[in-house]
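The block underneath contains the structure these notes are about, expressed in structure tokens.
Residue numbers (UniProt numbering): 1 to 954.
In structure tokens:
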């Protein structure tokens with residue numbers, strides 16, 4: 001019964017569950033103790049009965065341990081080579097305990113079993129060799145850890161067999177070094193590890209570093225320091241001088257697996273226990289530069305090192321951003337710390353640190369105080385901002401209001417103490433609000449108060465929240481730009497009143513307040529502020545259900561390319577431009593002196609060219625030029641004689657004057673160029689931000705009929721900008737919106753909300769534009785847009801109703817609701833046939849085959865409308881390439897698996913057969929001009945046509 005119980009435990013020893021393995025190990029050890037005790041008792045009784053018998057007649061192992069123990073040791077040694085689940089872990093653990101407890105088992109017994117059952121056979125496969133090598137290594141580690149006595153174990157040679165055995169063998173050697181006596185170390189171990197000590201940096205490996213560090217830590221008094229210094233550069237291998245060499249060697253610890261090598265534990269132990277070590281220098285040299293500035297595998301190990309080292313460093317060196325995520329180590333501790341009084345003390349300290357400008361009690365040196373104060377205040381602001389973002393994880397209270405008022409004071413007011421000015425009133429000079437700004441601020445406070453009262457009564461709506469946010473932001477803006485902010489607040493107040501009036505009257509007309517509010521939002525986008533951009537995006541997303549066509553058209557007009565640059569509202573024009581141009585004209589007519597004076601003035605003015613248009617930046621240089629020219633004219637007027645009458649000094653003055661003029665003109669020209677680049681960048685940024693608003697509308701209101709009006713502006717923007725160096729990013733953004741957003745959504749405007757004739761007009765216009773498209777990218781965009789409009793006309797697949805008012809009369813709406821398809825196939829096919837004719841008959845066509853292949857792929861029933869024309873172009877197309885394209889399109893059509901495919905094949909069969917006969921007749925002629933590629937395409941089409949025709953009914 002005992003033997004059966006023993007056998008049943010081996011299966012659980014290989015379990016993946018640690019608890020199951022430990023339970024099986026304890027049970028197995030208990031059974032073996034019981035069996036060994038019974039065996040020893042029986043041996044004692046038998047010894048008494050056979051006292052005269054020679055003990056040498058039996059083998060020592062037969063009289064020392066029981067059969068159960070003998071069987072278990074054999075099976076455990078064999079199992080160390082097994083790769084099944086956790087067999088090596090479980091078997092090695094039990095074998096270690098057995099060898100530690102049952103001293104009757106000698107090392108010779110275990111080594112004999114290793115040689116017998118774990119020997120490497122020449123014919124063994126790679127996987128088998130790996131298992132046997134690992135089994136040998138685990139077996140030797142078991143012998144070492146069980147501390148059974150053996151003078152010498154050959155584990156170094158085993159570590160040289162395979163790379164994945166090195167770390168295991170090195171760890172086994174370290175275990176030996178920690179348990180052997182001085183006598184054994186001196187006589188046996190030290191001579192064996194002498195090879196490691198003498199290897200030096202040239203042959204250094206992480207395993208050798210580990211062994212040397214342990215030798216110096218435990219047996220440092222028995223090691224020849226001179227030899228170590230000669231081979232390793234220093235008598236102490238972990239010296240500061242060796243950090244760079246350590247970094248190189250430790251990087252090789254990832255050769256077998258990207259994980260932490262056991263050498264790191266010994267290195268950290270050495271660094272912390274040695275006062276002469278510099279941990280910060282070691283970390284920067286070995287970890288920061290060696291791991292974090294390298295490959296992803298090494299960066300992973302670097303983070304593992306951070307995880308390992310954190311418990312060993314002091315509290316003031318540990319964590320930042322502990323409250324930023326609940327996954328950080330000190331999240332719970334930080335949250336506990338920032339409760340009630342702790343949070344208030346922390347806020348007080350942060351605010352005092354901000355005002356002081358430095359963290360420590362000692363003030364920094366005057367040379368660096370300004371820079372330190374700036375960095376310190378930025379850090380404090382970031383910390384306060386993080387607290388606000390994570391306020392849900394902190395206790396409730398007035399601390400949020402306290403932080404907000406702190407931001408308000410430091411952002412818009414001067415809180416530093418100032419000396420009194422020495423004037424009569426003895427007052428501090430300060431910028432004061434105008435009466436208009438103060439009045440606007442009071443009105444805003446009242447309006448926001450009314451909205452907050454509605455929130456308390458739970459009567460607030462989305463529009464109220466929109467105006468509340470805008471009122472609050474513009475009220476703060478009064479502290480920065482009081483005049484502009486006051487004007488915007490007036491418009492917002494008017495919008496708010498119109499919106500309230502609309503609610504009270506419940507008027508069905510489109511709300512005009514949305515249009516004014518949209519203009520305000522667009523004006524805010526012109527400001528170079530990310531805060532306003534995020535504010536506008538958030539508000540616009542709320543407003544999308546209420547947008548009218550006129551409001552959306554404001555956004556469209558803001559990004560639409562202008563044919564006349566003078567009408568572009570974003571064109572940066574200086575107020576002084578016209579005056580300067582007039583001055584330039586006057587200057588050209590001003591000089592009626594001699595011929596040389598005219599030529600000189602003309603050259604001078606022409607060198608400036610159009611620099612008069614450079615704006616205010618060039619005013620100073622213009623004034624200098626005018627002064628120089630005036631002086632020169634006066635000088636020349638005083639001397640009525642010719643240029644030959646001028647003396648050398650006068651000529652020198654004249655040359656200096658000309659040089660000054662040319663230098664000023666060049667400077668003004670450069671300033672004008674920089675200004676033009678700046679204005680172009682401003683326009684680009686503004687239009688990109690408006691495109692963000694359009695994207696928000698498309699995402700939020702994909703079923704609105706207004707999205708159809710976005711196709712043409714987006715296409716025009718891509719058309720004009722993709723080929724522009726300055727505005728290419730704008731064109732790519734518009735291209736992405738049209739292709740990947742608007743035309744890709746499955747949600748479509750309901751049939752009841754669209755005008756079919758208007759949509760057909762849009763398709764006709766798009767096809768007409770495709771005939772003059774500047775690039776393949778634009779043709780692809782037009783293709784996507786046409787197919788999107790086809791989907792709209794065929795009807796949305798969604799069943800939800802539309803909240804948008806239709807442009808049609810109610811009678812027409814009811815009539816259209818009964819329809820499922822508003823597509824006029826005749827009108828559509830006529831437009832497409834015109835485009836196909838342009839592609840097939842004109843050598844300089846701008847169209848691309850994708851315009852037709854996409855239609856065939858997505859809507860094959862519409863593609864069949866072009867079949868007869870394609871058959872005609874098999875012969876009559878302008879060149880072989882177009883003929884090949886006609887073949888490919890027909891092949892694509894014939895190959896489509898649609899219910900009506902057989903019907904269409906029957907319809908085109910007669911004409912297609914005639915065309916095939918005609919083509920083959922021409923091919924057989926010696927004067928044929930057909931290319932081999934064209935013939936191959938025709939044969940492919942014919943073969944496919946025969947296959948599909950055979951599938952049809954007779």
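Using N, Cα and C, we set each Cβ at its ideal position, and we do this for glycine too. The model shown is predicted, which means the values in this text are computed figures rather than measured ones.
Taking 8 angstroms as the upper bound for CB-CB distance, residue 79 and residue 25 are not in contact here, some 13 angstroms apart. For residue 860, the uninterrupted alpha helix (DSSP H) segment begins and ends at 860-863. Annotation: residue 490 to residue 540 spans about 20 angstroms, alpha carbon to alpha carbon. At a Cβ-Cβ threshold of 8 angstroms, residue 142 and residue 99 count as neighbours.
In the structure shown, the three-state DSSP call for residue 512 is coil.
The residue from 132, 46, 900 and 116 with its alpha-carbon nearest to that of residue 88 is 132. Annotation: residue 413 to residue 479 spans about 8 angstroms, alpha carbon to alpha carbon.
Counting only residues of its own chain and dropping the five nearest sequence neighbours on each side, residue 822 has a CB closer than 8 angstroms to the CB of 751, 754, 756, 759, 793, 794, 795 and 816.
Counting other Cβ atoms within 10 Å of its Cβ, residue 784 reaches 16 or more and is therefore classed as buried. The Cβ-Cβ distance between residue 473 and residue 535 falls below 8 angstroms.
Excluding its 5 nearest sequence neighbours in each direction, residue 782 has C-beta neighbours in its own chain below 8 angstroms: 715, 766, 767, 769, 770, 773 and 851, listed in chain order. Cβ neighbours of residue 935 within its own chain (closer than 7 angstroms, five residues either side excluded): 923. DSSP places residue 180 outside both helix and strand once states are collapsed to three, so it counts as coil. Exclusion of the five residues before and after residue 911 leaves 871 as the residues of its chain whose Cβ lies within less than 6 angstroms of its Cβ. DSSP, read as helix, strand or coil, puts residue 395 in coil. Secondary structure of residue 734 (DSSP, three-state): helix.
Per DSSP, residue 538 is one residue of the alpha helix (DSSP H) stretching across 530-543. 746 is the residue among 746, 378 and 171 whose C-alpha sits nearest the C-alpha of residue 787.
The distance from the Cβ of residue 167 to that of residue 213 is about 14 angstroms, inconsistent with a contact at the 8 angstroms cut-off.
Secondary structure of residue 880 (DSSP, three-state): helix. Judged by DSSP in its simplified three-state form, residue 200 adopts coil rather than helix or strand. Going by DSSP, residue 245 is part of the alpha helix (DSSP H) stretching over 243-250. In the structure shown, residue 224 falls within a coil segment according to DSSP collapsed to helix, strand and coil. A Cβ-Cβ contact shorter than 8 angstroms links residue 543 with residue 466. In the three-state reduction of the DSSP assignment, residue 897 falls in the coil class. Collapsing the DSSP output to three states places residue 380 in a helix. Between residue 114 and residue 129, the gap from beta carbon to beta carbon reaches 8 angstroms or more.
At the C-beta level, residue 744 and residue 691 stay beyond 8 angstroms of one another. About 6 angstroms separates the CB atoms of residue 916 and residue 942; that is less than 8 angstroms, so the two are in contact. For residue 936, the uninterrupted alpha helix (DSSP H) run begins and ends at 932-951, by DSSP. Sequence-distant Cβ neighbours of residue 200 in its own chain, meaning closer than 7 angstroms and more than five residues away, are 231 and 232. Just measuring C-alpha positions, the residue of 34, 16, 15 and 77 sitting nearest residue 6 is 34.
For the set 251, 348, 270 and 344, the Cα lying nearest the Cα of residue 302 is the one of 251. Counting only the Cα atoms, residue 110 lies some 13 angstroms from residue 97.
Non-local C-beta neighbours of residue 380 in its own chain, meaning closer than 6 angstroms and more than five positions away in sequence, comprise 350, 353 and 354, ordered along the chain. In chain order, 20 and 24 place their CB closer than 6 angstroms to the CB of residue 12, counting only its own chain and leaving out the 5 sequence neighbours on each side.
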